[in-house]
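J.: Got a structure here, written out as structure tokens. Questions coming.
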Amino acid sequence: MDKKTIIKIANLAKLEIKDDKLNDIASSLEKILNLVDEMNGVNTDDVTPMSHPLNLKQELRKDEVKEANQRDLFQKDNENTDNGYYKVPKIID
Amino acid sequence: MHNKTVSELKKAIEKKEVSSLELTSLFINRIKNMDPELNSFITLTEEHAIDKAKIIDKEISKGILRPLSGIPLAQKDIFCTKDIKTTCGSKMLDNFISPYDATVVEKLNDAGMVIVGKTNMDEFAMGSSNETSFFGDVKNPWDKDYVPGGSSGGSAASVSARLIPCSTGTDTGGSIRQPASLTGICGIKPTYGRVSRFGMIAFASSLDQAGVFTRTAEDSAILLTHISGFDPKDSTSSKNPVPDYAADCTKKFKSLIIGIPSEFLDGLDDKVREVFDENIRILEKNGCKFKKISLKSSKLGVSAYQVVAPAECSSNLSRYDGVRFGYRAKNVKNIEELYKKSRSEAFGPEVKRRILIGTYALSAGYYDAYYLKAQKIRKIISNEFEDAFKEVDLILGPTTPDTAFKLGEKTNDPIAMYLSDVFTVSTNLAGLPAMSIPMGFKNNLPLGLQIIGNHFDESKILSLAHHYQNLTDWHTKSPQEN
Numbered sequence: 017m018d019k020k021t022i023i024k025i026a027n028l029a030k031l032e033i034k035d036d037k038l039n040d041i042a043s044s045l046e047k048i049l050n051l052v053d054e055m056n057g058v059n060t061d062d063v064t065p066m067s068h069p070l071n072l073k074q075e076l077r078k079d080e081v082k083e084a085n086q087r088d089l090f091q092k093d094n095e096n097t098d099n100g101y102y103k104v105p106k107i108i109d
Numbered sequence: 088m089h090n091k092t093v094s095e096l097k098k099a100i101e102k103k104e105v106s107s108l109e110l111t112s113l114f115i116n117r118i119k120n121m122d123p124e125l126n127s128f129i130t131l132t133e134e135h136a137i138d139k140a141k142i143i144d145k146e147i148s149k150g151i152l153r154p155l156s157g158i159p160l161a162q163k164d165i166f167c168t169k170d171i172k173t174t175c176g177s178k179m180l181d182n183f184i185s186p187y188d189a190t191v192v193e194k195l196n197d198a199g200m201v202i203v204g205k206t207n208m209d210e211f212a213m214g215s216s217n218e219t220s221f222f223g224d225v226k227n228p229w230d231k232d233y234v235p236g237g238s239s240g241g242s243a244a245s246v247s248a249r250l251i252p253c254s255t256g257t258d259t260g261g262s263i264r265q266p267a268s269l270t271g272i273c274g275i276k277p278t279y280g281r282v283s284r285f286g287m288i289a290f291a292s293s294l295d296q297a298g299v300f301t302r303t304a305e306d307s308a309i310l311l312t313h314i315s316g317f318d319p320k321d322s323t324s325s326k327n328p329v330p331d332y333a334a335d336c337t338k339k340f341k342s343l344i345i346g347i348p349s350e351f352l353d354g355l356d357d358k359v360r361e362v363f364d365e366n367i368r369i370l371e372k373n374g375c376k377f378k379k380i381s382l383k384s385s386k387l388g389v390s391a392y393q394v395v396a397p398a399e400c401s402s403n404l405s406r407y408d409g410v411r412f413g414y415r416a417k418n419v420k421n422i423e424e425l426y427k428k429s430r431s432e433a434f435g436p437e438v439k440r441r442i443l444i445g446t447y448a449l450s451a452g453y454y455d456a457y458y459l460k461a462q463k464i465r466k467i468i469s470n471e472f473e474d475a476f477k478e479v480d481l482i483l484g485p486t487t488p489d490t491a492f493k494l495g496e497k498t499n500d501p502i503a504m505y506l507s508d509v510f511t512v513s514t515n516l517a518g519l520p521a522m523s524i525p526m527g528f529k530n531n532l533p534l535g536l537q538i539i540g541n542h543f544d545e546s547k548i549l550s551l552a553h554h555y556q557n558l559t560d561w562h563t564k565s566p567q568e569n
């Protein structure tokens with residue numbers, strides 16, 4: 017995995033990686049991908065991928081309001097709120 | 088009193104031989120005296136515990152008894168607790184107080200249990216040694232130069248050191264069974280969906296499952312009965328009825344056919360093999376029939392796991408953006424920097440590594456080669472278990488390839504660390520229940536026996552574990568106290 021790919025991935029994951037750490041991270045990710053590549057020894061052409069461990073369909077509930085909003089409680093420990101809103105740096109110029 | 092099991096403490100409380108306040112104070116004092124060296128707790132909830140114990144004692148004096156009235160317990164710091172800090176072992180949540188209780192917490196609170204603290208763990212449950220915690224390493228009570236395993240290292244070490252009679256844990260790739268094995272106690276990971284994941288901080292949602300640590304199989308059965316069941320707040324929780332596991336496991340033992348996968352024994356350390364074989368002989372003489380089986384794809388479990396778990400983690404951990412809760416970086420110029428600096432300053436190296444791998448595996452052009460491939464391998468592994476369970480009732484093997492390793496020994500080698508879960512990850516991929524119970528020692532460090540069952544066969548697993556503990560006394564051994 018080259019440095020350019022790592023920078024791209026880190027950007028997608030919203031992580032900053034310092035230049036002096038790039039080599040270390042590249043080498044550890046490379047090792048993990050080598051381990052993962054062991055899967056390629058098995059032919060899986062006719063296998064249905066498994067996404068739920070019990071092969072069950074996700075049960076959906078009715079979209080009904082059951083609980084009242086508790087905004088004040090949820091924002092109680094956040095210093096960066098104002099009048100029920102979260103404060104963030106300016107997004108639109 | 089600190090050596091008594093949950094089952095014994097329940098009787099002692101019911102007979103009024105001891106009050107909840109006495110028990111709670113006893114364990115809090117043990118934690119205060121012994122934990123500075125072990126570091127198994129992140130938060131001690133003394134005030135909360137004393138208040139609850141007094142309420143329970145008052146109830147008892149009025150003749151009101153709940154199923155587990157007044158018994159102290161520790162919660163892994165991954166379970167949200169109302170009014171008590173929940174850190175998940177991370178700087179990211181160092182200041183986080185949940186506005187609600189996890190379902191597991193609510194159920195055990197309602198059963199009358201007293202939370203005395205929140206236990207240390209690998210950051211966001213990512214680790215096999217409890218060395219990735221923002222709150223420091225946990226030490227193994229059997230030898231403090233060694234790791235207790237992870238990610239539920241604090242929950243395991245605290246029960247092993249008799250700082251608490253029982254604790255909760257979570258298991259995504261072995262995080263209950265591996266530390267249970269390395270600290271010489273019992274740890275059960277139930278079937279996926281058996282226990283609600285509501286309020287349990289998500290790592291890899293298709294693998295995560297809550298369970299418990301105790302010293303006996305009977306205690307595990309007691310607690311499991313109380314945390315299991317459908318929860319409308321978790322759409323992946325199962326509607327299957329919950330048996331009385333404790334009643335089931337103490338019934339007369341019925342003969343079982345047990346499979347031993349050759350893949351679990353190939354190349355195994357000699358001493359671990361010797362201990363394992365000796366236990367097979369004991370069980371063979373006492374009602375168990377053994378059969379050699381093959382789970383040939385189980386060796387690919389770690390590879391598939393290292394795609395599925397990071398992929399799901401990268402998605403789950405995207406919620407930590409520094410805005411609504413958790414750590415927020417200071418002096419940022421724009422929103423992009425707020426996200427990046429908050430995440431980069433608050434996540435540790437292992438969490439970042441897994442987010443990167445997961446993001447890579449899910450990114451355009453790589454999805455089929457990694458995530459889809461891993462989901463197919465997962466299916467093959469699951470099919471092999473399904474076939475095996477047509478011939479056998481349970482599957483047995485060592486929980487880990489070896490005993491605990493030294494602190495720092497594997498921190499610079501992620502692959503070696505991941506491979507310590509080689510016997511445990513496959514059951515998570517297949518959603519199966521499994522348990523680790525103590526089976527002996529190597530160089531004075533404990534070894535665990537893993538019992539794997541078919542979906543929702545927790546009763547069979549617990550029944551064999553209880554039967555084994557009637558035949559042996561490994562579960563009664565405790566680490567030396569200074």
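If you read the protein sequences in the order shown, they are chains H and X. Using the working numbering, read the first sequence as starting at 17 and increasing by one per residue. Using the working numbering, read the second sequence as starting at 88 and increasing by one per residue. Glycine is no exception: its CB is placed at the ideal position from the N, C-alpha and C atoms.
Report the neighbours of Arg87/H on chain X: residues whose CB is nearer than 7 Å to its CB, in chain order.
T.: Those within 7 Å of Arg87/H in chain X number zero; the least Cβ separation is about 10 Å.
J.: Consider the Cβ of Gln393/X: report whether some Cβ of chain H lies at a distance smaller than 9 Å.
T.: Chain H, which has a Cβ nearer than 9 Å to the Cβ of Gln393/X, makes this yes.
J.: For the putative contact between Thr559/X and Ile539/X, defined by C-beta atoms under 8 Å, what is the C-beta separation to the nearest angstrom?
T.: Thr559/X to Ile539/X, Cβ: 19 Å. No contact.
J.: Please list, in chain order, all residues of the same chain as Thr92/X whose beta carbon is under 8 Å from its beta carbon, the five residues on each side excluded.
T.: Counting only Cβ-Cβ distances below 8 Å, and skipping sequence neighbours, we find Pro252, Thr301, Arg302, Thr303, Glu305 and Asp306.
J.: Would Asp164/X be called buried (16 or more neighbouring beta carbons within 10 Å of its own) or exposed?
T.: By the 10 Å Cβ count, Asp164/X comes out buried.
J.: With Pro533/X as the anchor, note down where its alpha helix (DSSP H) starts and where it stops.
T.: Here Pro533/X belongs to no alpha helix (DSSP H); instead the beta strand (DSSP E) covers Leu532 to Gly540.
J.: Under three-state DSSP, which class holds Ser300/X?
T.: Sequence check: residue 300/X is Phe here, not Ser. Of the three classes helix, strand and coil, the one that applies to Phe300/X here is strand, per DSSP.
J.: Can you name the residues of chain X whose CB is closer than 7 Å to the CB of Glu54/H?
T.: Here the neighbours are Leu387 and Ser390.
J.: Determine the extent of the beta strand (DSSP E) in which Asp138/X is found, giving its start and end residues.
T.: It is not in any beta strand (DSSP E) - Asp138/X instead sits in the alpha helix (DSSP H) that spans Glu133 to Ser148.
J.: To the nearest angstrom, how far is the alpha carbon of Thr498/X from that of Thr219/X?
T.: Cα-Cα distance, rounded: 9 Å.
J.: Determine the direct distance from the alpha carbon of Pro488/X to that of Arg360/X, and round the result to whole angstroms.
T.: So the alpha carbons of these two residues sit roughly 9 Å apart.
J.: Out of curiosity, what's the CA-to-CA distance linking Lys564/X and Phe363/X?
T.: Cα to Cα, the separation comes out at about 18 Å.
J.: Out of Ser127/X, Pro533/X, Arg117/X and Leu155/X, point me to the one whose CA is closest to Ala333/X's CA.
T.: The option with the nearest alpha carbon to Ala333/X is Leu155/X.
J.: Given a limit of 7 Å on CB to CB distance, which residues of the segment 91-103 of chain H reach chain X?
T.: Correct list: Asp93, Asn94, Asn96 and Tyr102.
J.: Using the Cβ count rule (16 or more neighbours within 10 Å means buried), how would you classify Asn68/H?
T.: For the record, residue 68/H in the displayed sequence is His; it is not Asn. Result: exposed.
J.: Could you give the distance in angstroms between the alpha-carbon of Asn96/H and the alpha-carbon of Ser429/X?
T.: Rounded to the nearest angstrom, the two C-alpha atoms are 14 Å apart.
J.: Might you give, ordered along the chain, the residues of its own chain that have their beta carbon closer than 7 Å to the beta carbon of Asn126/X, omitting 5 neighbours on each side?
T.: Closer than 7 Å at Cβ, skipping near neighbours: Asn207, Gly223, Asp224, Val225 and Lys226.
J.: Between Val112/H and Glu478/X, what straight-line distance do the alpha-carbon atoms span, to the nearest angstrom?
T.: Here chain H has residues from 17 to 109 only, and residue 112/H is not among them.
J.: Verify the CB distance criterion: does Val81/H have a CB-CB separation below 9 Å to chain X?
T.: Cβ-Cβ to chain X under 9 Å: no for Val81/H.
J.: I want to verify the contact list: residues of chain X whose CB lies under 7 Å from the CB of Lys30/H, in sequence order.
T.: Per Cβ cutoff of 7 Å: Tyr426, Lys427 and Arg430.
J.: Inspect the beta-carbon positions of Ser401/X and Leu443/X and report whether they are closer than 9 Å.
T.: Result yes, Cβ atoms of Ser401/X and Leu443/X sit closer than 9 Å.
J.: Say yes only if the C-beta of Ile444/X is nearer than 8 Å to one or more non-hydrogen atoms of the ligand SAM, and no if none qualify.
T.: Summarising the ligand content, the structure contains no ligands, and the ligand SAM is consequently not present.
J.: Would you call the segment 311-325 of chain X in contact with the segment 75-84 of chain H, where contact means no fewer than 3 C-beta pairs closer than 8 Å?
T.: Contact between the segment 311-325 of chain X and the segment 75-84 of chain H is present, because at least three Cβ pairs lie under 8 Å.
J.: Give the interface partners of Ile107/H over in chain X, defined as CB-CB distance under 7 Å, in chain order.
T.: Residues of chain X passing the Cβ test: Ile422.
J.: What residue range does the alpha helix (DSSP H) around Met504/X cover?
T.: From DSSP, the alpha helix (DSSP H) with Met504/X extends over Pro501 to Leu506.
J.: Give the list of continuous alpha helix (DSSP H) stretches no shorter than 4 residues that lie fully inside the segment 191-238 of chain X.
T.: Correct list: empty.
J.: Would His542/X and Thr278/X be called neighbours here (beta carbons separated by less than 9 Å)?
T.: Yes, the Cβ-Cβ distance between His542/X and Thr278/X is below 9 Å.
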